[in-house]
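Heads up: the sequence shown begins at 1 in full-length UniProt numbering, then just goes up one per residue. All C-beta atoms, glycine included, are put in the ideal place defined by N, C-alpha and C.
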Amino acid sequence: MEHLTETPTAKAPAGRFTGDVYLNMIATPSEAARLASALVRFTPGARTNWHSHAHGQTLFVTDGVGLVGTRDGRVVRVGAGEVVQCPAGEEHWHGATGTTLMAHVAMVVGDGEGDGTTWLEPVTDEQYAAAHSAVGR
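Quick look at the structure:
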């Protein structure tokens, strides 16, 4: 057993996110167990770029209100205690609403050479505004 009393907070890489996003790694992929997980905190208006995961992704919202969107235009509004499962290969994004922060635990299973994430282009301001309209807020 290893008891970690603190995980450092790091600013998320600007090349993968819009706005201010902060990460605390919980687990990183290793050969024996390929789970990667992190507590991710999005300030209002912050969001990921479009991306996909080789083996899918599970998001457990811990605080605030956020949005998760897919390329086909589906958008869900999420709050604390809710879970979103993104299937393998599905291009999606997630982040806070324009007025409320959102935090989630993001969990992915690595592909043996990392966390299996393919990062794509930023979500445009127009796509982000359309997501808000889609959920009626």
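Whole-angstrom distance between residue j and residue i, CA atom to CA atom
| i | j | result |
| --- | --- | --- |
| residue 80 | residue 22 | 18 angstroms |
| residue 67 | residue 105 | 14 angstroms |
| residue 113 | residue 47 | 25 angstroms |
| residue 92 | residue 72 | 9 angstroms |
Close-in-space but distant-in-sequence residues of the same chain around residue i (CB under 6 angstroms, 5 per side omitted)
| i | result |
| --- | --- |
| residue 10 | 23 |
The alpha helix (DSSP H) enclosing residue i, as first and last residue numbers
| i | result |
| --- | --- |
| residue 125 | 125–134 |
Per-residue burial, residue i [other beta carbons within 10 Å of its own, 16 or more giving buried]
| i | result |
| --- | --- |
| residue 41 | buried |
| residue 97 | buried |
Supposed close pair residue i, residue j - CB separation, criterion 8 angstroms
| i | j | result |
| --- | --- | --- |
| residue 135 | residue 83 | Rounded, the Cβ-Cβ distance is 17 angstroms, inconsistent with contact. |
| residue 133 | residue 90 | That belief does not hold up - the Cβ atoms of residue 133 and residue 90 are roughly 22 angstroms apart, past 8 angstroms. |
| residue 125 | residue 54 | Contact doesn't hold; Cβ gap of about 29 angstroms is too wide. |
| residue 103 | residue 64 | 6 angstroms |
| residue 57 | residue 107 | 7 angstroms |
Residue span of the beta strand (DSSP E) that contains residue i, given as start and end
| i | result |
| --- | --- |
| residue 1 | Careful: residue 1 lies outside any beta strand (DSSP E) and carries neither H nor E. |
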